[in-house]
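This report refers to the structure that appears directly beneath it.
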Amino acid sequence: MYDLIANLWLGMGVAATPTNIMLCLVGALVGTLIGVLPGIGSLATIAMLLPITFGLPPVGALIMLAGIYYGAQYGGSTTSILVNIPGESSSVVTCLDGHEMAKQGRAGPALAIAAIGSFFAGCVATVLVAALGAPLTSVALMFGPAEYFSLMVLGLIFAVVLAKGSVIKALAIVLMGLLLSMIGSDLETGAERMTWGVPELSDGIGFVVVGMGVFGFGEILRNLENTGTREIVQSKITGLMPTLVDLKASAGAIGRGTLLGSALGILPGGGTIIASFAAYTLEKRFSKHPERFGHGAIEGVAAPESANNAASQTSFIPLLTLGIPPNPVMALMVGAMTIHGIVPGPQVMTKQPELFWGMIASMWIGNLMLIVINLPLVGLWVRLLRVPYRHLFPMIVVFCCIGIYSVNNAPFDVSMTALFGVVGYWMSKHDFEPAPMILGYVLGPLMEENLRRAMLIARGDATVFMTRPISAVLLVISAILLVLAVLPAIRGKRDEVFTE
Amino acid sequence: MSDVTPSGEWSRSADEQKRYNLISGLVFTGLGIILLAASFLLQNPVPLTVRAAIVIFVAVSIAVSIGLLPVLNQQDVFGSLGLILLALTAFIASNDLPGMRGFAFGPGTAPRLFAALLAALSLIVLVGGFVTAGPEVTKYQVRGVFYIIGSILAFAASIRPLGLVVATFTTIVICAAAADDVKWRETLIVAIGITIFCSLLFPYGLNLPFQLWPRFW
Chain Z
1 MYDLIANLWL
11 GMGVAATPTN
21 IMLCLVGALV
31 GTLIGVLPGI
41 GSLATIAMLL
51 PITFGLPPVG
61 ALIMLAGIYY
71 GAQYGGSTTS
81 ILVNIPGESS
91 SVVTCLDGHE
101 MAKQGRAGPA
111 LAIAAIGSFF
121 AGCVATVLVA
131 ALGAPLTSVA
141 LMFGPAEYFS
151 LMVLGLIFAV
161 VLAKGSVIKA
171 LAIVLMGLLL
181 SMIGSDLETG
191 AERMTWGVPE
201 LSDGIGFVVV
211 GMGVFGFGEI
221 LRNLENTGTR
231 EIVQSKITGL
241 MPTLVDLKAS
251 AGAIGRGTLL
261 GSALGILPGG
271 GTIIASFAAY
281 TLEKRFSKHP
291 ERFGHGAIEG
301 VAAPESANNA
311 ASQTSFIPLL
321 TLGIPPNPVM
331 ALMVGAMTIH
341 GIVPGPQVMT
351 KQPELFWGMI
361 ASMWIGNLML
371 IVINLPLVGL
381 WVRLLRVPYR
391 HLFPMIVVFC
401 CIGIYSVNNA
411 PFDVSMTALF
421 GVVGYWMSKH
431 DFEPAPMILG
441 YVLGPLMEEN
451 LRRAMLIARG
461 DATVFMTRPI
471 SAVLLVISAI
481 LLVLAVLPAI
491 RGKRDEVFTE
Chain L
1001 MSDVTPSGEW
1011 SRSADEQKRY
1021 NLISGLVFTG
1031 LGIILLAASF
1041 LLQNPVPLTV
1051 RAAIVIFVAV
1061 SIAVSIGLLP
1071 VLNQQDVFGS
1081 LGLILLALTA
1091 FIASNDLPGM
1101 RGFAFGPGTA
1111 PRLFAALLAA
1121 LSLIVLVGGF
1131 VTAGPEVTKY
1141 QVRGVFYIIG
1151 SILAFAASIR
1161 PLGLVVATFT
1171 TIVICAAAAD
1181 DVKWRETLIV
1191 AIGITIFCSL
1201 LFPYGLNLPF
1211 QLWPRFW
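Pasting the structure below:
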């Protein structure tokens, strides 16, 4: 306990310097802006803004990027409530009750409760990251290649189970990601693999290229199909403060949402989207009046918004302690860290404590800033929403192009991103989820390396994954999850959650 | 990720679906034949099983295009055909890489392992698409794909020789044409504004090494 406070104090010292506070503010503001704007997710934004962080010190860069990520979770709710379009994929469910509330003239309390819930969740998650960091790091030090491999299998299986639609299709798409990640030089022998002799491919296809193509450009192509008009709630937002009744009604929802979100954020393959869906479903089950949901129940805003914010922060835990990115955004953070010469993993905490704790402390500061700046700025965000999409997407495209180009100063990367944009569009046309593919792409090289090492140490004996206890447990959990997901009874439930 | 709800505008009539099956099947047939031809150009002989798999792939594609096989679930059939093609391509591409040496993995082991698993899973999806009914593949936004991809490629082609100002401006103008409701006067204003913003932000504000103007100036 004493250690925890001492560590957080150290972090505060780092995060509370004027430059870092400024960077945190910039990150949180940009994140909110992106969250408010529909049609561009936090992944594309972080990729777009990577070049901006090149000139910054590593701590500052990571503080800013983290701010973008959780700031986007705040901003996404604003659009959901006011326009009935999710500004961020994780606030889809907030539309259901949030927009109903806005239609009833209670947009103010809806926005406020979303912000308060997010703030509470952010605080809890910050403490959780701090508290779980040290013990998980010591667990990570016991991990050998076999355990790492099994853990990544578990992560991918989670991503498959949590994706919507067919389990087999999600598994296939994970393998597509793994296969694509094999392009480039072999780590051990240096042999060029599947490059067709193209020299630009010998380093592999950058993660930014694949992620930006599939998520950024692919999403723009998809968005052009639904040219529906947006209905912004025109009535003036009055009475921002929720009443005491509102607060009482949502207190439990915020607590449960935070817990569920924190747990789902830590799991590899989980993340903000599933957290918000699960929290909403749970709240509906728990409620004495489930019929109120969908007609402006304040719990239906409080729970998912707390959950997605908690998840966005706890997803840093596997990255910082095990060095494994649990979702695509965290994978991009790995990229950002490597650019600054930091190898994510257990050694970050011991070798660079000021970086680790500074980042955690900045999350709390960022959450505080978000609640202070966000509510008064709602008017500004609403005005921004009036910018028509036909002007928005050319800007997004050109910023993405500049962002990708500046990573390596390579026009080839820009062209490859265009190709992956088409791949992403093709995938959505055939109902393949992009998230498992990206996770497979990110984990591919790590998985292969650990698989090879484990097999080499075990002298080619594949049973090593089942004879080492931790590895065996992880694999058994994966197998159970997969079986459960395929079983028809559970499948029905799972589809029900997604259609709700 | 906002979900696309296929509205009436994007769905195809039965005749159009048949035509889509024909064209897509022929595209996959063509790609399969190219892959088969490529397999004869490699230094190491391609295993017979891989070649046989490509031949079967071509046969299935032809059967799909002329309607011999019932395409009940367009999304699954064409989606899995695409993934199988990718797996087969990976087999050809990794053919010259050495595999297992004793109990040590060679560079080619993991790619072939993943490709085999991908092909097997896709095959299950493919068979499912012939047996159970499912959603169709909705129409492609051809105009959007053309202009957006065109604008990105234009950026890639122009950033080195022509500099940031020209590249940004052309990209925005080409890209804006992707929208059905494009308004050129507004677009020009936006393009000029963003170009000025970018050419101040990136080279000066962030000190990134961007060349602003064309080389030959």
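Here the protein sequences come in this chain order: Z and L. Per the numbering used here, the very first residue in the first sequence carries number 1; after that it's consecutive. Per the numbering used here, the very first residue in the second sequence carries number 1001; after that it's consecutive. No residue lacks a Cβ here, since even glycine has one placed at the ideal position from N, Cα and C.
Through-space distance from residue j to residue i, alpha-carbon basis
| i | j | result |
| --- | --- | --- |
| residue 339 of chain Z | residue 54 of chain Z | 8 Å |
| residue 1005 of chain L | residue 46 of chain Z | For residue 1005 of chain L, the pLDDT reaches just 44, beneath the cut-off of 50, and the residue's location in the model is therefore unreliable, although a value from the coordinates is still provided. Distance between the alpha carbons of residue 1005 of chain L and residue 46 of chain Z is about 27 Å. |
| residue 6 of chain Z | residue 483 of chain Z | 45 Å |
| residue 1012 of chain L | residue 1204 of chain L | 51 Å |
| residue 411 of chain Z | residue 405 of chain Z | 6 Å |
| residue 423 of chain Z | residue 245 of chain Z | 49 Å |
| residue 501 of chain Z | residue 123 of chain Z | Residue 501 of chain Z cannot be examined here, being either before or after the span of chain Z that is shown, 1 to 500. |
| residue 1099 of chain L | residue 441 of chain Z | 22 Å |
| residue 116 of chain Z | residue 371 of chain Z | 7 Å |
| residue 1044 of chain L | residue 1035 of chain L | 15 Å |
| residue 1105 of chain L | residue 42 of chain Z | 37 Å |
| residue 107 of chain Z | residue 1087 of chain L | 51 Å |
Start and end residues, alpha helix (DSSP H) containing residue i
| i | result |
| --- | --- |
| residue 261 of chain Z | 244-266 |
| residue 272 of chain Z | 272-286 |
| residue 372 of chain Z | 353-385 |
| residue 391 of chain Z | 389-408 |
| residue 1070 of chain L | Run containing residue 1070 of chain L: none; DSSP gives neither H nor E here. |
| residue 73 of chain Z | 58-83 |
| residue 453 of chain Z | 434-457 |
| residue 429 of chain Z | 411-429 |
| residue 135 of chain Z | 107-141 |
| residue 99 of chain Z | 92-103 |
| residue 1140 of chain L | Premise fails: residue 1140 of chain L is in no alpha helix (DSSP H) and is neither H nor E. |
| residue 1135 of chain L | It is not in any alpha helix (DSSP H) - residue 1135 of chain L carries neither H nor E in the DSSP assignment. |
| residue 1185 of chain L | 1184-1200 |
| residue 215 of chain Z | Premise fails: residue 215 of chain Z is in no alpha helix (DSSP H) and is neither H nor E. |
| residue 296 of chain Z | No alpha helix (DSSP H) contains residue 296 of chain Z, which DSSP labels as neither H nor E. |
| residue 155 of chain Z | 145-162 |
| residue 1204 of chain L | Taken as a continuous stretch (DSSP letters only), residue 1204 of chain L belongs to no alpha helix (DSSP H), as it is neither H nor E. |
| residue 1060 of chain L | 1048-1065 |
Proximal chain L residues relative to residue i, where beta-carbon distance stays under 9 Å
| i | result |
| --- | --- |
| residue 460 of chain Z | 1100, 1102, 1103, 1104 |
Beta-carbon proximity of residue i to residue j, cut-off 7 Å
| i | j | result |
| --- | --- | --- |
| residue 152 of chain Z | residue 355 of chain Z | no |
| residue 173 of chain Z | residue 432 of chain Z | yes |
| residue 1107 of chain L | residue 453 of chain Z | no |
| residue 102 of chain Z | residue 81 of chain Z | yes |
| residue 78 of chain Z | residue 26 of chain Z | no |
| residue 361 of chain Z | residue 298 of chain Z | no |
| residue 1152 of chain L | residue 401 of chain Z | yes |
| residue 436 of chain Z | residue 170 of chain Z | yes |
| residue 336 of chain Z | residue 302 of chain Z | no |
| residue 274 of chain Z | residue 282 of chain Z | no |
| residue 357 of chain Z | residue 10 of chain Z | yes |
Neighbour list for residue i in chain L, Cβ cutoff strictly below 7 Å
| i | result |
| --- | --- |
| residue 176 of chain Z | 1083, 1086, 1118 |
| residue 168 of chain Z | 1121, 1124, 1125 |
| residue 448 of chain Z | 1110 |
| residue 357 of chain Z | Those do not exist, as residue 357 of chain Z stays about 28 Å from chain L at its closest Cβ, beyond 7 Å. |
| residue 526 of chain Z | The requested residue 526 of chain Z is not part of the displayed model; chain Z covers only 1 to 500. |
Reduced DSSP secondary structure (H/G/I, E/B, other) of residue i
| i | result |
| --- | --- |
| residue 202 of chain Z | coil |
| residue 184 of chain Z | strand |
| residue 502 of chain Z | Lying outside 1 to 500, the shown extent of chain Z, residue 502 of chain Z is not represented and no answer is given. |
| residue 1177 of chain L | coil |
| residue 1215 of chain L | coil |
| residue 1016 of chain L | helix |
| residue 468 of chain Z | coil |
| residue 1104 of chain L | strand |
| residue 305 of chain Z | helix |
Per-residue contacts from residue i into chain B (C-beta, under 9 Å)
| i | result |
| --- | --- |
| residue 1172 of chain L | Checking the listed chains, one finds no chain B in this structure; the protein chains it contains are Z and L. |
Within chain Z, partners of residue i - CB distance below 9 Å
| i | result |
| --- | --- |
| residue 1064 of chain L | Going along chain Z, no residue has its Cβ under 9 Å from residue 1064 of chain L, so there is no contact; the nearest lies around 14 Å. |
| residue 1057 of chain L | Those do not exist, as residue 1057 of chain L stays about 16 Å from chain Z at its closest Cβ, beyond 9 Å. |
Within chain Z, partners of residue i - CB distance below 7 Å
| i | result |
| --- | --- |
| residue 1046 of chain L | Those within 7 Å of residue 1046 of chain L in chain Z number zero; the least Cβ separation is about 14 Å. |
| residue 1211 of chain L | What residue 1211 of chain L touches in chain Z: nothing, since even the nearest Cβ is about 10 Å away. |
| residue 1151 of chain L | 397 |
| residue 1182 of chain L | 390 |
Residues that residue i contacts on chain Z, provided the C-beta gap is smaller than 8 Å
| i | result |
| --- | --- |
| residue 1107 of chain L | 186, 188, 189, 191, 193 |
Cross-chain neighbours of residue i in chain L, by beta carbon under 8 Å
| i | result |
| --- | --- |
| residue 172 of chain Z | 1080, 1083, 1118, 1121, 1122, 1125 |
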